[in-house]
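Encoded as structure tokens, the structure appears first; notes follow it.
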Amino acid sequence: MRQPDWQIAAGTAPRGGDAPAVSAADIRALLAESGWLAVDASALSDEDDLYAAGLTSHGSVNLMLALEERYGVEFPEHLLRRRTFESIAAIRSAVAGLLDGAPGAG
Amino acid sequence: MDMRAGSTPAENGQAAFRDALIAAGLLIPTGVDGLYGRSGAFEDVVERFNDLITTWGGGDGADVMRFPPGVARHQFEQSGYLKSFPHLAGTVHAFKGDERAHQSMLRRLEEGEEWTDAQMATNVVLTPAACYPVYPTIAERGPLPAEGALVDVYSYCFRHEPSLDPARMQMFRMREYVCVGTPGQVMDFRQRWVERGRALMESLGLPVAVDLANDPFFGRAGRMLAASQRDQGLKFELLIPIASAEHPTACLSFNYHQDHFGLLWDLRTPDGAVAHTACVGFGMERVALALFRHHGFDAKAWPAAVRAVLWG
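Just so you know, the protein sequences line up as chains A and B, in that order. Using the working numbering, the letters of the first sequence map in sequence onto residues 2 to 107. Using the working numbering, the letters of the second sequence map in sequence onto residues 84 to 395.
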């Protein structure tokens with residue numbers, strides 16, 4: 002399968018499927034579409050506390066499932082924690098670690 | 084001792100304790116794990132303990148409400164229970180067919196075939212926790228008074244988790260005090276009951292420990308909910324060894340729901356903020372079993388100090 006140009010440009014190694022690389026902008030867009038936050042996701046910095054922004058426990062579960070579907074990954078047991086999803090930066094780090102095949106990197 | 088093939092030592096211990104309770108006549112078997120009748124002696128202990136809870140908590144002026152062991156299906160659906168505990172819920176189904184369907188059902192019953200697939204859901208769901216009918220009831224009243232709301236409920240509950248452990252029944256009673264108010268009001272309530280609950284149970288000569296806990300949420304999503312609940316210190320349990328010393332049983336629980344039910348039911352404080360809720364729950368059968376375990380199967384032979392607390 003031909004890789005999208007942007008992935009090649011970003012130097013991402015082709016993967017078995019067409020799993021995209023993870024960016025803060027993608028995660029922010031996912032949050033903006035979801036309705037899980039009480040605030041406008043575009044106004045959040047990468048480090049802002051998503052729980053303070055209205056993310057509930059059930060919302061974080063839905064976020065986890067949406068990330069798994071979007072990136073074709075599965076969060077292992079040790080990442081099923083509140084702090085894994087506490088900010089856009091934390092999520093990006095966890096997903097990037099899973100995409101690199103290094104679950105501990107999150 | 085009843086050693087069942089393929090069972091763990093813990094299960095053997097649970098089964099042995101259950102068998103001893105049945106042999107002593109305290110529990111009456113039905114052939115279904117977790118579904119028991121109770122003897123008069125057992126019920127006397129439950130009733131005396133229920134009165135003891137009132138002795139400790141009755142002065143707070145809680146609004147007493149008694150609901151049957153079923154909740155309205157529309158309230159159950161709105162409660163979010165199925166998001167967290169689909170594996171524990173029990174719905175009430177009933178026959179709604181015509182005479183032809185009746186004949187078909189009887190024929191299948193007679194021939195040992197599946198007959199329950201024609202049963203239709205009713206508008207009743209078995210109560211999963213005594214406090215579930217409280218939140219919509221309080222919400223119906225409009226904004227809370229300044230002091231918040233305090234409710235006393237007591238109900239049989241159902242959870243579909245058949246077990247050899249007599250302390251894990253499918254149908255059991257739960258007494259609860261439920262507090263609805265500001266975060267400060269409900270946290271004060273919970274802290275007061277952690278201290279009271281410990282003192283109350285120690286007055287019965289039982290070995291207690293209070294520990295951080297989580298609810299038995301379903302699946303992988305549930306593991307995350309459980310970790311989140313623990314990270315935030317939302318649930319504590321008062322534990323007493325019953326069927327096992329290594330795995331003591333939760334007999335009381337102290338729960339802070341934050342704004343979970345407040346958001347679900349639009350519960351509001353006088354200034355319009357979303358109300359927070361907390362509850363203390365007493366597992367009535369579990370407390371009775373703890374007493375029988377630690378003081379013996381004959382309540383008349385219990386230590387005088389314990390008998391004085393329960394029977395005056």
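Virtual Cβ for every residue (Gly too), placed ideally from N, Cα, C.
Between B/S122 and the rest of its own chain, which residues show a CB-CB distance below 8 Å, the 5 nearest in sequence each way excluded? G108, L109, L110, I111
Backbone secondary structure at B/E259 - three-state DSSP: strand
Using a Cβ-Cβ distance cut-off of 8 Å, determine whether A/L45 contacts chain B. no
Range covered by the alpha helix (DSSP H) that runs through B/K383: According to the DSSP assignment, B/K383 belongs to no alpha helix (DSSP H), since it is labelled neither H nor E.
Going along chain A in order, which residues have a C-beta closer than 8 Å to the C-beta of B/D314? R82, R83, R84
Spatial neighbours of B/D143 within its chain, please: CB distance less than 8 Å, with the 5 preceding and 5 following residues excluded, ordered by chain position. L233, Y260
Any Cβ of chain A within less than 8 Å of the Cβ of B/M284? no
For B/R121, which of helix, strand or coil comes out of DSSP? strand
Got a sec: is the Cβ-Cβ distance from A/E78 to anything in chain B below 8 Å? yes
Just verifying my parser: in three-state terms, what is the DSSP assignment at B/K166? helix
DSSP on B/P219, reduced to helix/strand/coil? B/P219: helix per DSSP, three-state reduction.
Need the endpoints of the beta strand (DSSP E) that B/S238 sits in, please. 232-241
Determine the direct distance from the alpha carbon of A/A39 to that of B/V357, and round the result to whole angstroms. The straight-line gap from Cα to Cα measures roughly 14 Å.
Secondary structure at B/P112, three-state DSSP: helix, strand or coil? strand
Using a Cβ-Cβ cut-off of less than 9 Å, give me the residues of the region 50-68 of chain A that come near chain B, in sequence order. Correct list: T57, S58, H59, S61, V62, N63, M65, L66.
Residue closest to B/H176, alpha-carbon to alpha-carbon, out of B/Y164, B/S167, B/M203: B/M203
Who are the near neighbours of B/A250 in its chain, counting only those whose CB is closer than 7 Å to its CB and skipping five residues on each side? Excluding five sequence positions before and after B/A250, the CB atoms of its chain that fall closer than 7 Å to its own CB belong to I325, A326, T332, R369, L372, given in chain order.
Please state whether the Cβ-Cβ distance between B/L118 and B/M254 is less than 8 Å. yes
Can you confirm whether B/T327, when its beta carbon is compared against all beta carbons of chain A, has any partner nearer than 8 Å? Reading the sequence as shown, one finds Ser at residue 327 of chain B and not Thr. With 8 Å as the cut-off, B/S327 does not count as an interface residue toward chain A.
Does the Cβ of B/K318 have 16 or more other Cβ atoms within 10 Å, making it buried, or fewer, making it exposed? B/K318 should be labelled buried.
Taking Cβ-Cβ distances shorter than 8 Å, what residues in chain C pair up with B/S311? Here the protein chains are A and B, and chain C is not one of them.
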